[in-house]
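S.K.:
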Amino acid sequence: MHLIACEVFRPELERLTRAMRNAPEVTYLEQGLHDTPDELRRRVQQAVDALEAKGETVIFLAYGLCGRGLTGVTGHTATLILPRVHDCIPVLLGATQEQANESSLGGGTYWLSPGWLRYSQTSFIQNREKRFKEYEERFGTDSAAYLIELEGSWLRNYTNACLILWEGWEDERELVRTAKAVADDAGLGYRELPGDPNFIQALLDGGKDGRFMRIAPGFTPDLDGNGTITAVRVTS
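If you're matching positions, the sequence shown starts at 1 in full-length UniProt numbering and goes up one per residue.
(1) Just the C-alpha distance for His2 and Gln45, rounded to the nearest angstrom, thanks.
(2) Which residues share a DSSP beta bridge with Cys6?
(3) Which residues in the same chain have their Cβ closer than 7 Å to the Cβ of Arg43, if we skip the five residues on either side of it in sequence?
(4) Can you say whether Phe199 is buried or exposed, counting buried as having 16 or more other CB atoms within 10 angstroms of its CB?
(5) Could you tell me the distance, in whole angstroms, from the CA atom of Ile164 to the CA atom of Gly107?
(6) With a threshold of 16 other CB atoms inside 10 Å of the CB of Arg84, please say whether the residue is buried or exposed.
(7) With DSSP as the reference, identify every bridge partner of Ala62, one or two as the case may be.
(8) From Leu51, Leu13, Ser103 and Glu174, pick the residue whose C-alpha is nearest to that of Leu80; which is it?
(9) Could you pull out every unbroken alpha helix (DSSP H) segment of at least 4 residues lying fully inside the region 105-155, listed in chain order?
(10) From which residue to which residue does the beta strand (DSSP E) around Arg214 run?
(11) Within its chain, find whatever has a CB closer than 7 Å to the CB of Val26; leave out the 5 residues flanking it on each side and keep chain order.
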């Protein structure tokens, strides 16, 4: 079994695979590629092609549709198995897409998880004071303030930060401390949801239930006219 995974899932995958007798090989791609769907598509396809060249006939993907960043990714000879979700939140929560959407409080939630805290843009948020001083030295105080405000404008879409935290993390206190610091620095409220490993475990067990898609060679995940994630034939 070989899995291509977003690095946001790395802590959870490493935790679950440690208990497996025959753990899968995992190719991790850096978190944040979903911000540039074309690059995400290129990198995932590149990883799929590399595994097919080694003779893999079934490839698992720890990805959602990711703003259609996975649309266009296809196996030429391999079947792709991946969660039938729009993003990683349902997978981390162990919930349906609908339940995850309800938990987002109208889309105002900036989600955090162990993978986000270790591999994402939190350092960008937390280094605001350092960057302000650098900008101030180069451009002056007023311009520095403007640049920092511009950089943080994307945060205006959020009202709260929510940490998805499974039970039993050895560094739970540090994760919570860091998450609260991120929320405070971003001017957001803070809350936590417990999450559940059942979704990721089901993927590791072969993705056999209705939460997963089996994408035949020559097909790719996409949205139909009703917004449902489905498999469509790749067109040249």
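Just so it is clear, CB atoms sit at the ideal spot from N, CA and C, and this is done for glycine as well.
M.R.: Answer, in terms of the structure:
(1) 14 Å
(2) Leu29
(3) Leu29 and Leu33
(4) buried
(5) 16 Å
(6) buried
(7) Ala5
(8) Leu51
(9) 114-119, 122-126, 128-139 and 141-151
(10) Phe212 to Ile215
(11) Leu3, Ala5 and Leu13
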